[in-house]
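As structure tokens, the structure follows; a few thoughts come after it.
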Amino acid sequence: MVRMALIGIAVAIPVTLVAVLIPWLPTSASKQMDRIEFVFWFATIICIAIFSLVMAVLLYSVLSFRAPPEDLSDGPSIHGNTTLEIAWTVVPAILVIAIGVLSAIVLSQNGNAGTNPMVVKVTAQQFAWRFEYPASKNLKSGTLVLPLGDPIKFQFKALDVIHSFWIPQMGQKQDLVPGIDTSLVITPTRTGTFSLVCTELCGLGHATMRAVVNVVSKDDFAAWVEKQQSGGGSGASGAALFASAGCSGCHAFTPAGSAAAIGPNLDNVAASAAKAGQSTEEYVKESIVNPNKIVAPGYAPGVMPGNFADTLSAKEIDALVQYVVTGAKK
Amino acid sequence: MSVAEYAAHETGHGGGSAPHRRGLLMRPGFIRAAWCFAVFFLVGLYLVAGIRWLAGWDPIYDWNIIVLVGGLVMGPVGFLLGLGAFDYWLYWISGRPTKPDDHANHGAHTWTDYFKVNTDHKVIGVQYLATTFVFFVLGGLMAMLFRAELAQPGMQFMDTQTYNGLVSMHAALMIFVFIIPAFAGLANFAVPLMLGAPDMAFPRLNALSYWFLPIAGTMFLASFLAPGGAFATGWTSYAPLASEQPIGQIFFNMGVQWAGASSILTALNFLVTIITMRAPGMTFWRMPLLVWANFTTSLLVVIATPFIAGSQFFVMFDRVMHTSFFVPKGGGYVLGYQHIFWFYSHPAVYIMILPGFGIVSEIISVMSRKPIFGYRLMAMSLLGILVLGFSVWAHHMFVAGMADWLRVPMMITTLLIAVPTGVKVFSWLATLWEGRIHLNTPMLFALGFISMFVIGGLSGIYLASVPIDIHASDTYFIVAHIHYVLFGGSVLTIFAGIYYWFPKMTGRMYNERLGKLHFWLTFVSFNLTFFPMHWVGLVGMPRRVADYSDRFANLNLIITISSFALGASVVVFFYNVIVSWARGPIAESNPWRALTLEWQVSSPPPIFNFDEIPQVVGGPYEYGVPGARHAILSGGAAQPQETTV
Numbered sequence: 001m002v003r004m005a006l007i008g009i010a011v012a013i014p015v016t017l018v019a020v021l022i023p024w025l026p027t028s029a030s031k032q033m034d035r036i037e038f039v040f041w042f043a044t045i046i047c048i049a050i051f052s053l054v055m056a057v058l059l060y061s062v063l064s065f066r067a068p069p070e071d072l073s074d075g076p077s078i079h080g081n082t083t084l085e086i087a088w089t090v091v092p093a094i095l096v097i098a099i100g101v102l103s104a105i106v107l108s109q110n111g112n113a114g115t116n117p118m119v120v121k122v123t124a125q126q127f128a129w130r131f132e133y134p135a136s137k138n139l140k141s142g143t144l145v146l147p148l149g150d151p152i153k154f155q156f157k158a159l160d161v162i163h164s165f166w167i168p169q170m171g172q173k174q175d176l177v178p179g180i181d182t183s184l185v186i187t188p189t190r191t192g193t194f195s196l197v198c199t200e201l202c203g204l205g206h207a208t209m210r211a212v213v214n215v216v217s218k219d220d221f222a223a224w225v226e227k228q229q230s231g232g233g234s235g236a237s238g239a240a241l242f243a244s245a246g247c248s249g250c251h252a253f254t255p256a257g258s259a260a261a262i263g264p265n266l267d268n269v270a271a272s273a274a275k276a277g278q279s280t281e282e283y284v285k286e287s288i289v290n291p292n293k294i295v296a297p298g299y300a301p302g303v304m305p306g307n308f309a310d311t312l313s314a315k316e317i318d319a320l321v322q323y324v325v326t327g328a329k330k
Numbered sequence: 001m002s003v004a005e006y007a008a009h010e011t012g013h014g015g016g017s018a019p020h021r022r023g024l025l026m027r028p029g030f031i032r033a034a035w036c037f038a039v040f041f042l043v044g045l046y047l048v049a050g051i052r053w054l055a056g057w058d059p060i061y062d063w064n065i066i067v068l069v070g071g072l073v074m075g076p077v078g079f080l081l082g083l084g085a086f087d088y089w090l091y092w093i094s095g096r097p098t099k100p101d102d103h104a105n106h107g108a109h110t111w112t113d114y115f116k117v118n119t120d121h122k123v124i125g126v127q128y129l130a131t132t133f134v135f136f137v138l139g140g141l142m143a144m145l146f147r148a149e150l151a152q153p154g155m156q157f158m159d160t161q162t163y164n165g166l167v168s169m170h171a172a173l174m175i176f177v178f179i180i181p182a183f184a185g186l187a188n189f190a191v192p193l194m195l196g197a198p199d200m201a202f203p204r205l206n207a208l209s210y211w212f213l214p215i216a217g218t219m220f221l222a223s224f225l226a227p228g229g230a231f232a233t234g235w236t237s238y239a240p241l242a243s244e245q246p247i248g249q250i251f252f253n254m255g256v257q258w259a260g261a262s263s264i265l266t267a268l269n270f271l272v273t274i275i276t277m278r279a280p281g282m283t284f285w286r287m288p289l290l291v292w293a294n295f296t297t298s299l300l301v302v303i304a305t306p307f308i309a310g311s312q313f314f315v316m317f318d319r320v321m322h323t324s325f326f327v328p329k330g331g332g333y334v335l336g337y338q339h340i341f342w343f344y345s346h347p348a349v350y351i352m353i354l355p356g357f358g359i360v361s362e363i364i365s366v367m368s369r370k371p372i373f374g375y376r377l378m379a380m381s382l383l384g385i386l387v388l389g390f391s392v393w394a395h396h397m398f399v400a401g402m403a404d405w406l407r408v409p410m411m412i413t414t415l416l417i418a419v420p421t422g423v424k425v426f427s428w429l430a431t432l433w434e435g436r437i438h439l440n441t442p443m444l445f446a447l448g449f450i451s452m453f454v455i456g457g458l459s460g461i462y463l464a465s466v467p468i469d470i471h472a473s474d475t476y477f478i479v480a481h482i483h484y485v486l487f488g489g490s491v492l493t494i495f496a497g498i499y500y501w502f503p504k505m506t507g508r509m510y511n512e513r514l515g516k517l518h519f520w521l522t523f524v525s526f527n528l529t530f531f532p533m534h535w536v537g538l539v540g541m542p543r544r545v546a547d548y549s550d551r552f553a554n555l556n557l558i559i560t561i562s563s564f565a566l567g568a569s570v571v572v573f574f575y576n577v578i579v580s581w582a583r584g585p586i587a588e589s590n591p592w593r594a595l596t597l598e599w600q601v602s603s604p605p606p607i608f609n610f611d612e613i614p615q616v617v618g619g620p621y622e623y624g625v626p627g628a629r630h631a632i633l634s635g636g637a638a639q640p641q642e643t644t645v
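Read top to bottom, the protein sequences are chains X and B.
Residue numbers for the first sequence follow the working numbering, beginning at 1 and rising by one.
Residue numbers for the second sequence follow the working numbering, beginning at 1 and rising by one.
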């Protein structure tokens, strides 16, 4: 028995070290993630205990009860032990129900946005994220900027297929489902730049469907809103639109620093326009508004979203066209 | 009817009258299968074209529909007809004398017999295993291809459509045409023998359900040839993405139908066999746990599999017939797909592990020379998992946007399913306790299974907890979890089962040293491959991505190198199996000194398994009980002895 306990401890120590020394979770940046971490460690303690117990019995048995090949004897004919069987039915049941109760409490806390939270509307489509701030005169942005401190309620819409919203440091995740409105609550607790990633396979550009998330102080947030509304921000800039509308998720374009290869390389767009017998302006504009009319050889139709005429204003499309035309090789 | 009468009755029909030999084109076999496939494909083609012509639809030759009807439905039916899978029934229906009663296609005499429609459950078992391992190798090679792409961030070797196709194909092959049917193969071989039965209840149906399997696997693989590439929506094939994809997608939709039909027919066969063909004295409480496990699994298959069939038909109809089951614009409900899909695919996880529990129970008891601890609770826990298994499906959908109130109940049932699973693990440990443990290859795989499955089970606890799952869902943590359960769990038990029954199947012994080498290479490289995935997932790497952020680069390189080592470890297995089958030492009838019935007959067993009907007189694991017997085979008229239980 002492030997088995020693083996158990010998298993538990390295497992515990692995659990403690490796930073298993990203540094938390939201209240919700703090709570998730708490449940995580609660479950981890139980799991280390169970794993050490199982491995201790297994290794002890193998070391102590191993028979040489020529040993033809049988072991004792133990058929069962009712007390033991009841114990290992009831004790695990209690442990998992404890995890369940704690999880249910945390789930309800993590879903609680409090009264009157700030709302951010999020729209996803292949392969771009767009954000809208109803409280700031429906300000639109391709970068997600969030003020520190208060709960934020995200309201989700998907235009084509299912996408999923996840900022790893903030823990919370939610699918965006066409035809259904979903939502999520996050309370940022740390300023910094994070990455929003799509976690539901959504097609060719899934792996690069990301967006930049900036968490800033409330003052900085107010300043950012003001700057955007006065037209100094991404609203009119072609470069910013190129990122926020999702172009850089699929197209390589040297001025934007993107190297994605899902759609045609836009550095060469002038040559393609010449081949189609159009001016570069005309060709780029038509490709944005009606992408299936002329599909570059080697690429499939129906991949590029066909709704930019609805989601971008005429002014924004012009800015985008100018940006691509001036940036492309002549 | 006794075995002797049965055999006499069977030979009476055929009785030496050799049927007239038909020409090469008309004889059942691959040549007839090839031209029947072509004929049936053309029938399908003109059926579609004819209807479209009559209805005045343009184009008349719509290849989306023609491929579906001609290539994926009619063609395979023609293939089966040509192969001879329907011959007996067609003869019977048309009132002609049926001839397979001479059992000319029972048993295998040369290796070519394994390529024919054969009704012997032992041959079918081997056919299943050989076929599934072909798909295992292909699926594994695809994993190594996309691991090569993932060795570095950015795109190196392939475009994202190819990448998504490889990932989807890997999972589809491994799940639908490797793990599930490999267990069906092992059970096909072992269950009738363990029951003391001469064959399965429906041998011809058994042959048919095997031949569905190469059709399903080939259909998956053929999608690589389709314009636009292979299906690329993951093995989950979520709507509405799946109804917008290139035509390769319908190869998945229909491949699942063929694999599913194969599963259902086999499961029905097992249920009838287990219920009606047990030897005298073989009560349910005297059945080996492998039989219990397959009984439970078959119930799961029969109840659950129609749901995935439905989900795949509906999502395909959305694509080819412009219905809107899952298209919001037409009033469809996107999450409906996921509910129906997971209503099968969660029980499918148990379909992929319960037979492994059965295999491990056999091996642990025999190799520890002790009765299995808590036999009845072991059987009841299987049934507990069966019932609970149907009440947990939505734990795959905690972030999917389903009704919020559904999350906590589904979490509780999911957590509770750990209880019967834990009972099994603790009972195996208690069986080891004070045993006479023989650490041979099957036992190593069984013990390796326990330790890896415990890790997979514990990471399942994290995923059951809704708040943690919300963070970990759709990340590499899921990939780690599923591989600890399906590779560390199911695949290790498949290897254990193959080593354990290898002498019985082939009549020869495998090489023990190579077996142990295979185990240790697999065990170490498996952990190096999949354990780091827990970490990359939790800190932020989503699953199913062809490209990833630079900060995960080092670990992904380690994972890729380890996965190549894992692939190489399988070479040792194949070398051992192939060389041992050809030239290994002749195996004894009972090398493990086991009590269950399959070991009481010669290796390999006689053509109808038992020369006399065994009389079962006690439990299957009475090791260490003085004078205990499971069954009496000598002197057919033995009296039942109800002395030891």
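Note that CB positions come from ideal geometry on N, CA and C, so glycine has one too.
These numbers were taken from a predicted model, which means no experiment stands behind them.
For this session: Give the secondary structure of residue 122 of chain B by DSSP, where H, G and I count as helix, E and B as strand, and everything else as coil.
Result: helix
Problem set entry | Beta-carbon contacts of residue 486 of chain B that lie in its chain and below 7 Å, excluding the five residues immediately before and after | 179 and 352
Problem set entry | chain B contacts from the region 58–86 of chain X (Cβ-Cβ distance under 8 Å) | 58, 61, 62, 65, 66, 67, 69, 71, 72, 73, 74, 75, 76, 77, 78, 79, 80, 81, 84 and 85
Exercise. Which one or two residues does DSSP pair with residue 542 of chain B in a beta bridge?
Worked result: B/475
Problem set entry | chain X contact residues for residue 471 of chain B, given Cβ-Cβ distances below 7 Å | 36, 171 and 173
Exercise. Say the cut is 8 Å; is the CB of residue 16 of chain X nearer than that to a heavy atom of the ligand NAP?
Worked result: With respect to the ligand NAP, the structure offers nothing, as it holds no ligand at all.
Problem set entry | Length at least 4, wholly inside the region 149–185 of chain B: the alpha helix (DSSP H) runs in chain order | 160–174
For this session: With DSSP collapsed to three states, give me the class of residue 510 of chain B.
Result: coil
Exercise. Taking only beta-carbon atoms, is residue 254 of chain X less than 9 Å away from chain B?
Worked result: no
Problem set entry | Run of the beta strand (DSSP E) containing residue 225 of chain X, from where it starts to where it stops | Not the beta strand (DSSP E): residue 225 of chain X falls in the alpha helix (DSSP H), residues 218–229.
For this session: Less than 8 Å between the CB atoms is what I'm expecting for residue 260 of chain X and residue 272 of chain X, so what's the real figure, rounded?
Result: Actually they do not touch by this definition, with Cβ atoms about 17 Å apart.
Exercise. Just how far apart, CA to CA, sit residue 370 of chain B and residue 72 of chain X?
Worked result: 12 Å
Problem set entry | Distance CB(residue 33 of chain X)-CB(residue 471 of chain B) smaller than 9 Å | yes
For this session: Pull up the DSSP beta-bridge partners for residue 306 of chain B, would you.
Result: In the DSSP output, where bridge partners are listed per residue, residue 306 of chain B has none listed.
For this session: Please say whether residue 323 of chain X and residue 237 of chain X have beta carbons closer to each other than 9 Å?
Result: yes
For this session: Give the secondary structure of residue 193 of chain X by DSSP, where H, G and I count as helix, E and B as strand, and everything else as coil.
Result: strand
Exercise. Which residue comes first and which comes last in the alpha helix (DSSP H) that contains residue 21 of chain X?
Worked result: 2–21
Problem set entry | Contact the region 183–194 of chain B vs the region 254–261 of chain B: 3+ CB pairs below 8 Å | no
Exercise. Name the chain B residues whose beta carbon is nearer than 8 Å to that of residue 202 of chain X?
Worked result: 241
Exercise. Using the beta-carbon of each residue, which ones in chain X are nearer than 8 Å to residue 407 of chain B?
Worked result: 107
For this session: Output the residue ranges of the alpha helix (DSSP H) runs that lie fully inside the region 238–282 of chain B and measure 4 residues or longer, sorted by chain position.
Result: 248–276
Exercise. Is the Cβ-Cβ distance between residue 187 of chain X and residue 134 of chain X less than 9 Å?
Worked result: no
For this session: Would you give the residue range spanned by the beta strand (DSSP E) that residue 166 of chain X belongs to?
Result: 163–166
Exercise. Roughly how many angstroms lie between the CA atoms of residue 158 of chain X and residue 305 of chain X, to the nearest whole one?
Worked result: 13 Å
For this session: Determine, using beta carbons only, whether residue 166 of chain X comes closer than 9 Å to chain B.
Result: yes
Problem set entry | Meets three-Cβ-pair contact criterion under 8 Å: the region 391–409 of chain B and the region 460–476 of chain B | yes
Exercise. So, using beta-carbon positions, are residue 648 of chain B and residue 268 of chain B closer together than 9 Å?
Worked result: Because chain B is modelled from 1 through 645, residue 648 of chain B falls outside the range shown and cannot be assessed.
For this session: Report all residues from its chain with a CB closer than 8 Å to the CB of residue 141 of chain X; omit the five preceding and five following residues, and keep chain order.
Result: 130, 131, 132, 133, 228, 233, 234 and 244
For this session: Return helix, strand or coil for residue 433 of chain B, following the three-state DSSP convention.
Result: coil
Exercise. Which residues, in chain order, does the region 536–567 of chain B contribute to contact with chain X at a C-beta distance below 9 Å?
Worked result: 538, 539, 540, 541, 542, 543, 544, 545, 546, 547, 548 and 549
Exercise. Whole-angstrom Cβ separation of residue 431 of chain B and residue 381 of chain B, contact assumed at under 8 Å?
Worked result: Their Cβ separation, rounded to whole angstroms, is 14 Å, which puts residue 431 of chain B and residue 381 of chain B out of contact at 8 Å.
Problem set entry | Residue interval of the alpha helix (DSSP H) (run including residue 281 of chain X) | 280–289
Problem set entry | Range covered by the beta strand (DSSP E) that runs through residue 129 of chain X | 128–133
For this session: Leaving out five residues on either side along the sequence, give the residues of the same chain with a beta carbon under 7 Å from the beta carbon of residue 102 of chain X.
Result: 39 and 42
Problem set entry | Nearest candidate by alpha-carbon position, reference residue 78 of chain B, set B/43, B/64 and B/170 | B/43
Exercise. Helix, strand or coil for residue 625 of chain B per DSSP?
Worked result: coil
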